[in-house]
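Visitor: My structure is below; once you've seen it, I'll send some questions.
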Amino acid sequence: MSKGLKRLVLDVLKLHKPTKTELALGLAEIDGVEGVNILSVEVDRDTESIKITMEGDLIYAPIREYLTSNGCSIHSIDLVCAGSKIIDEGKT
251 MSKGLKRLVL DVLKLHKPTK TELALGLAEI DGVEGVNILS VEVDRDTESI KITMEGDLIY
311 APIREYLTSN GCSIHSIDLV CAGSKIIDEG KT
């Protein structure tokens, strides 16, 4: 039985290095991570705002540690899914 989060969406500010590709490949190597999606939200001269979506049997601490050790700042946790299945957001 899994004990982690199923889906995690993070709003992150990163430097231009490492690239999004390098960051995604590194995150995918973390135990429990089954998939990573990184979307550019805004690009400035020195930084880039990105949205990172991850799925799997996720533990937040190693994800946070990896991002911060690679020059990223987590602005917010925008979505968290836990439990035995992912429940999509309902329409209101």
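Counting from 1 along the sequence shown, just add 250 to a position and that's the residue number in this note's numbering. Ideal Cβ placement from N, Cα and C applies to all residues, glycine included.
Check each candidate in Lys267, Tyr316 and Val293 and name the one with the smallest Cα separation from alanine 278.
Guide: For the purposes of this step, residue 278 is taken as the residue at position 28 of the sequence shown. Checking every option, the nearest Cα to that of alanine 278 belongs to Tyr316.
Visitor: What do you reckon, are the CB atoms on glycine 306 and glycine 276 nearer than 8 Å?
Guide: In the sequence shown, counting from the first residue as 1, residue 306 sits at position 56. In the sequence shown, counting from the first residue as 1, residue 276 sits at position 26. The answer is no: Cβ separation not under 8 Å.
Visitor: Give the C-beta separation of aspartate 328 and leucine 263 to the nearest angstrom, bearing in mind that I take them to be a contact with Cβ-Cβ under 8 Å.
Guide: On the sequence shown, residue 328 is found 78 positions in, with the first residue counted as 1. On the sequence shown, residue 263 is found 13 positions in, with the first residue counted as 1. Not confirmed; about 13 Å, so no contact.
Visitor: How many angstroms separate the CA atom of glycine 340 from the CA atom of lysine 267?
Guide: Here residue 340 is taken as the residue at index 90 of the sequence shown, counted from 1. Here residue 267 is taken as the residue at index 17 of the sequence shown, counted from 1. Roughly 37 Å separates the two Cα atoms.
Visitor: Name the two residues that bound the continuous beta strand (DSSP E) containing glutamate 305.
Guide: As a working mapping, residue 305 is identified with position 55 in the sequence shown. Where glutamate 305 is concerned, the enclosing beta strand (DSSP E) stretches over 297–308.
Visitor: May I ask you to report which of helix, strand or coil DSSP gives leucine 292?
Guide: Taking the sequence shown and counting its residues from 1, the one referred to as residue 292 is at position 42. The residue you asked about is not leucine; residue 292 is glutamate in the sequence shown. Strand at glutamate 292.
Visitor: Please work out which residues of its chain come closer than 6 Å, Cβ to Cβ, to cysteine 322, disregarding the five sequence neighbours upstream and downstream, and give them in chain order.
Guide: Residue mapping note: residue 322 aligns to position 72 of the sequence shown, counting from 1. Excluding sequence neighbours, cysteine 322 sits near Val262 and Lys264.
Visitor: How many Å lie between alanine 274 and glutamate 298 at the Cα?
Guide: Counting from one through the sequence shown, the residue named residue 274 turns up at place 24. Counting from one through the sequence shown, the residue named residue 298 turns up at place 48. Answer to the nearest angstrom: the Cα atoms are 14 Å apart.
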